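First to last, the protein sequences are chains A and B. Everything in the first sequence is counted per the numbering used here, starting at 1 for the first residue and increasing by one. Everything in the second sequence is counted per the numbering used here, starting at 1001 for the first residue and increasing by one. Virtual Cβ for every residue (Gly too), placed ideally from N, Cα, C. In this text the structure is predicted, and so the values were computed from the model without any measurement.
Number of protein chains: 2
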Amino acid sequence: MSEKELRNEVAALRKAAAVLAATDDKTRQKALFLMAGAILSNRSEIHKANEEDIRRAKEEGISPSLLHRLEFTDEKIDTAVKGLRELAMLPDPVGKTLMRRELDPGFVLEKKTFPIGVIAMIFEARPDALVQMAGLCLRSGNTVVLKGGREAMDTNRLLCSIILEATAEAVGCSWLLGIESREDVNALLSMDGLIDLIIPRGSNSFVRFVMDNTRIPVLGHSDGICSVFIDESADIEKAIRISVDSKCQYPAACNAAETFLVHRNIASRFLPLFADAMRDKGVRLHCTDEVLEYIPDGIRAVDSDFDTEYLSLECAVRIVSSVDEAIEHLAEHSSHHTDAIVTESAENRDKYFKLVDSADVFCNASTRFADGFRFGLGAEVGISTSKIHARGPVGLDGLMTTKWLLSGNGETVAEYSGPDAKVFHHKDLI
Amino acid sequence: MSEKELRNEVAALRKAAAVLAATDDKTRQKALFLMAGAILSNRSEIHKANEEDIRRAKEEGISPSLLHRLEFTDEKIDTAVKGLRELAMLPDPVGKTLMRRELDPGFVLEKKTFPIGVIAMIFEARPDALVQMAGLCLRSGNTVVLKGGREAMDTNRLLCSIILEATAEAVGCSWLLGIESREDVNALLSMDGLIDLIIPRGSNSFVRFVMDNTRIPVLGHSDGICSVFIDESADIEKAIRISVDSKCQYPAACNAAETFLVHRNIASRFLPLFADAMRDKGVRLHCTDEVLEYIPDGIRAVDSDFDTEYLSLECAVRIVSSVDEAIEHLAEHSSHHTDAIVTESAENRDKYFKLVDSADVFCNASTRFADGFRFGLGAEVGISTSKIHARGPVGLDGLMTTKWLLSGNGETVAEYSGPDAKVFHHKDLI
């Protein structure tokens, strides 16, 4: 597709956004069920396309973990379809009244939620992610440009056409555009009059590239340097359990812990047990000199270890003298994604909650809980480390904007100005 | 100030943000009262500085309207001080619980509001605006870089030093930095690791320059091409009243109407009366050929008139054949700030509310109501046309971000995974 053709397609999506925004809840619910049904009834075609992707990927020597993500097994198809039906049954995110205020009797201001418009989503080679992303956009009334990982090209192309064919008539517009090349993504980045929001997932370097090369707002995170701080009052057993889970339960995830901070007063009791537990899991520990006194077989840490997102069975360990020093460490080194404290002190927990400036701050729980499903948000778009708009795990809410709607009876500002000005009564109705 | 010095100052502000974020409601309230008191007790010094600014501005041939904004009269000082005291008495925007959900018994997730961090505010030569912006940041726990219009330099410099001297001890940090040069503003734009949000006000071209030259999120609007649509069922008397107020009550404001769309079926009754009313106010009407049939002394409109923000007693007038055509016109020409419909049809009102994609959509009320004070938000930071974060008039809420706080008892994701996984119960507590 040439850049001009792509721009025309996206401009059409922008017009379609007005149509999709006008659909009611029932219409979008119905479209989600149609989408679910069409995926099920095209199961064998989907498998064929997916097998072609897998064949090509194997030729190119894909890693087992990427292959695992690429495979759209029967089980994954069933889960994706179940997810669409659940999404359909979530409360309509469109038109929620967030505020209703009488400025004066009969003069009513409302703040309501509306779809953002045109969203571009760029994600890894996971066909199930494509289905989920498309479903989230349809549920929230947003039109969408979808770009999945190149390895899943055949599956993605088929899924886009199945989804669009099943739903376009019901919602009255062509609301989805699949794109395939890196050039198309680059072209998208310059379409700031047409696209309202970009949600990139994938490698840190790619997300950073997007953030650095567009004027369109970007929702997401590049780094996930998460941490666990073991306070002096920590329950040792909990501390070990949380440490192991945070580091090892799924080390490749952005919410896995990369840094462990240990209060000096608990170091001699905690660190040897921590080292044993981590050794059992095959974790390589990068330790400061002081930590090496307790973990002699550790690797001597260098400064950059505390700014490293390992995404593997490695982590950096440091001793601090207080909760304040832990907070200072995070102000400098955290990527402000998820930071946990293990403590039995309510005071230190509250301090951490107040002063650690991250999207997620946890007490006595694994960093791995930072996730839209676990938070009960329904499906998840991604995790944002932005302080603007949506922060942390983002569900349907993050795909909405608001409008102020004011209903009057001929009111003018002139009446509310000057020496005989009428006075607003500003009475909240909800 | 050299760029390096400025960077050091902003880095210090970033550290101060952690201190200010930790202050409680009472501390910030007290600081606002101290600020108010200090301004009052330095009244004569402030007048002296302001007179110096005025003298210089007159030498440079400042316009009467800019001079009017520059003057910090006794009345304006009293209003600014009253505003600070009212701000102190607004509910604390910090630490509000937006959601509380049990993931499982005793395992509680909360979403709470927190200050964004470091905010840069750039605004016109209005000393009262400086006091208000500083007050908003202090109330919301954000540290701030303030850059007022160059013409108010002496007054601004004095105000910054009075405010900081009065409050720094109470809040425990130096939370405000005044800057003066355009070079300093340019340097700020590159400090995306240190500044969390920029709120620029002033000329459209300046705001657009900021939006185009920084990776820091920007809250605000460049254009304010607002409109009034007179539907076929409009009450003529209301329509005239709203039109005159929207255009003439304060034509230099961003929420003044620049475009009037008139339904063909009401054109012959409405347009002559409209022309009379606008003629009385000295408004120049740029009319399409069809409109000229009803307003023969109008100016023949060119296409660009419908993309022009006049900010003066001029406007563009066009006839449309339906509410849908009006909506289509806005999709192309509106700056998505504020658009009003005058109609007695609830159906058309609802259609407009749903389909006009602007920050503010009004029915039977003047576009001039688009304002934080009139909306009852307390003081106003500005008006945002972004669809991300805050949209429309922005009060204290727009200066807040959120954190997810999770309090557990040693929970691990491993327990909630696999064949014997525990199931989340996701029970909303508020």
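{"Check": "Please specify which runs of the alpha helix (DSSP H), each continuous and at least 4 residues long, are wholly inside the segment 1056-1143 of chain B, giving them in chain order.", "Outcome": "1064-1070, 1074-1089 and 1127-1140"}
{"Check": "Which residues does DSSP pair with residue 1362 of chain B in a beta bridge?", "Outcome": "A:406 and B:1340"}
{"Check": "Pull up the distance between the alpha-carbon of residue 60 of chain A and that of residue 254 of chain A, whole angstroms please.", "Outcome": "26 Å"}
{"Check": "Expressed to the nearest angstrom, what Euclidean distance is found between the alpha-carbon atoms of residue 407 of chain A and residue 109 of chain A?", "Outcome": "6 Å"}
{"Check": "Output the boundary residues of the beta strand (DSSP E) element that contains residue 178 of chain A.", "Outcome": "176-178"}
{"Check": "Checking the sheet assignment: what are the DSSP bridge partners for residue 1226 of chain B?", "Outcome": "B:1257"}
{"Check": "Threshold first: 3 residues or longer. Then list the beta strand (DSSP E) segments lying entirely within the segment 175-218 of chain A, N to C.", "Outcome": "176-178 and 197-200"}
{"Check": "Taking residue 306 of chain A as the query, report the chain B residues whose CB atoms sit under 7 Å from its CB, ordered along the chain.", "Outcome": "Result: empty, since nearest Cβ-Cβ is about 17 Å, beyond 7 Å."}
{"Check": "Tell me, to the nearest whole angstrom, how far the beta carbon of residue 1286 of chain B is from that of residue 1317 of chain B; I am working on the premise that it is less than 8 Å.", "Outcome": "7 Å"}
{"Check": "In the structure shown, what three-state DSSP assignment does residue 1287 of chain B receive?", "Outcome": "strand"}
{"Check": "Could you list which residues in chain B have their beta carbon closer than 8 Å to that of residue 249 of chain A, in chain order?", "Outcome": "1412, 1413, 1414 and 1417"}
{"Check": "Give the residues from the segment 366-397 of chain A that approach chain B closer than 7 Å (Cβ to any Cβ), ordered along the chain.", "Outcome": "366, 368, 369, 374, 375, 376, 387, 388, 389, 391 and 392"}
{"Check": "Under 8 Å by Cβ, that's how I've got residue 177 of chain A and residue 32 of chain A pegged, so tell me the actual separation to the nearest angstrom.", "Outcome": "Actually they do not touch by this definition, with Cβ atoms about 18 Å apart."}
{"Check": "Please classify residue 91 of chain A: is it buried, with 16 or more other beta-carbons within 10 angstroms of its beta-carbon, or exposed?", "Outcome": "exposed"}
{"Check": "Along chain A, which residues have their Cβ under 8 Å away from the Cβ of residue 1404 of chain B?", "Outcome": "359, 360, 361, 370, 375, 391, 392 and 393"}
{"Check": "Taking 8 Å as the threshold, find out whether the segment 228-240 of chain A comes into contact with the segment 259-274 of chain A through three or more Cβ pairs.", "Outcome": "yes"}
{"Check": "In or out: residue 298 of chain A buried (at least 16 other Cβ within 10 Å) or exposed?", "Outcome": "buried"}
{"Check": "Can you tell which of B:1258, B:1190, B:1169 and B:1123 has the C-alpha that lies nearest to the C-alpha of residue 1367 of chain B?", "Outcome": "B:1258"}
{"Check": "I'd like the span of the beta strand (DSSP E) that includes residue 320 of chain A, first residue to last.", "Outcome": "314-320"}
{"Check": "So which of B:1142, B:1131 and B:1186 has the shortest CA-CA distance to residue 1002 of chain B?", "Outcome": "B:1186"}
{"Check": "Can you give the beta carbon distance from residue 1141 of chain B to residue 1020 of chain B, rounded, assuming they're within the 8 Å contact cut?", "Outcome": "5 Å"}
{"Check": "Beta carbon of residue 1359 of chain B, beta carbon of residue 403 of chain A: below 8 Å?", "Outcome": "yes"}
{"Check": "Note down the Cα distance separating residue 147 of chain A from residue 365 of chain A, rounded to an integer number of angstroms.", "Outcome": "34 Å"}
{"Check": "Short check: CB of residue 80 of chain A to CB of residue 39 of chain A, under 8 Å?", "Outcome": "yes"}
{"Check": "According to DSSP, is residue 412 of chain A part of a helix, a strand, or is it coil?", "Outcome": "coil"}
{"Check": "Hey, out of A:104, A:54 and A:139, whose CA is closest to residue 399 of chain A's CA?", "Outcome": "A:139"}
{"Check": "Take every Cβ of the segment 1129-1136 of chain B, pair it with every Cβ of the segment 1047-1055 of chain B, and state whether three or more of those distances are shorter than 8 Å.", "Outcome": "no"}
{"Check": "Determine, using beta carbons only, whether residue 1407 of chain B comes closer than 8 Å to chain A.", "Outcome": "yes"}
{"Check": "In this structure, does DSSP put residue 1300 of chain B in helix, strand or coil?", "Outcome": "strand"}
{"Check": "Mind checking whether residue 24 of chain A and residue 116 of chain A have CB atoms under 8 Å apart?", "Outcome": "no"}
{"Check": "Check the C-beta distance from residue 335 of chain A over to residue 219 of chain A and give it rounded, since I have them as a contact under 8 Å.", "Outcome": "No, residue 335 of chain A and residue 219 of chain A are not in contact; Cβ-Cβ is about 16 Å, not under 8 Å."}
{"Check": "Within its chain, find whatever has a CB closer than 7 Å to the CB of residue 1183 of chain B; leave out the 5 residues flanking it on each side and keep chain order.", "Outcome": "none"}
{"Check": "Would you please verify whether the beta carbon of residue 289 of chain A is less than 8 Å from any beta carbon of chain B?", "Outcome": "no"}
{"Check": "Could you check if residue 1075 of chain B is buried or exposed, using at least 16 other CB atoms within 10 Å of its CB as the buried criterion?", "Outcome": "exposed"}
{"Check": "Can you list the residues of chain B that residue 221 of chain A reaches, using a CB-CB cut of under 8 Å?", "Outcome": "Correct list: empty, because the minimum Cβ distance to chain B is about 14 Å."}
{"Check": "Let's test the definition: count the other Cβ atoms within 10 Å of the Cβ of residue 1378 of chain B and tell me whether it reaches 16, buried, or not, exposed.", "Outcome": "buried"}
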